[in-house]
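Asker: Residue numbers (the numbering used here): 26 to 204.
Below is the structure:
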């Protein structure tokens, strides 16, 4: 199935999220994700989240929730804070989405929250691409944005392969549950 057919169907059904880990476009990425260590996925997801946080910061300069979620997730991965403290900030980032009107920025808030959730469980790893690609469709449209979306998917793969090869270069520390 052509990936655009599935996204078109989800648009017609008025789905909020237009991609899933089973989406045809994300098959290669999903397979690669399943082969990674938890730490590799954290490094990858938090790097991706940084880009989305910067986009949100440019739109909402007075808003700190996405930045706080990312910062505390980094501290959580290092073992400096515990899950309940991080979870509160991550949920606040998701809550920000409910206050917005822009479908692009709503999806980006959820993308950041999903990326931060990778510290808790690797199963959140595909959440970032699903939401960020949804944001790109909302921003550019499906046909006009097709090349941008496919290019971004390739960037996910490249960055994941990078972290797969460079996980040991991260100076740490890691939380006990990640050692």
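C-beta atoms are modelled at their ideal positions from N, C-alpha and C, and glycine is treated no differently. Just so we're clear, the structure is a prediction, and the values are computed from it rather than from any experiment.
Is it right to say residue 60 is buried, meaning 16 or more other beta carbons lie within 10 angstroms of its own, or is it exposed?
Answerer: Exposed, by the Cβ-count rule.
Asker: When the Cα atoms are used, what is the spatial distance from residue 123 to residue 191?
Answerer: Cα to Cα, residue 123 sits roughly 36 Å from residue 191.
Asker: Check for me: the alpha helix (DSSP H) holding residue 83 runs from which residue to which?
Answerer: That run of the alpha helix (DSSP H) goes 63-84.
Asker: Hey, is the stretch 77-91 in contact with the stretch 53-68, meaning 3+ C-beta pairs nearer than 8 Å?
Answerer: No, the stretch 77-91 does not touch the stretch 53-68.
Asker: For the stretch 88-129, which segments carrying the alpha helix (DSSP H) assignment without a break, of at least 4 residues, lie completely within its bounds, in sequence order?
Answerer: Runs found: 90-103, 108-123.
Asker: Can you tell me which of the three DSSP states residue 40 falls into?
Answerer: Correct three-state label for residue 40: coil.
Asker: So does the stretch 88-99 actually touch the stretch 163-176, counting three or more Cβ pairs closer than 8 Å?
Answerer: As far as the Cβ criterion goes, the stretch 88-99 does not touch the stretch 163-176, which means the pair count is below three.
Asker: Run the CB neighbour count on residue 151, radius 10 Å, all protein chains shown included, and call it buried at 16 or more, exposed below.
Answerer: It counts as buried.
Asker: Mind reading off the beta-carbon distance from residue 102 to residue 136? Whole number of angstroms is fine, and I expect it under 8 Å.
Answerer: 18 Å between Cβ atoms; not a contact.
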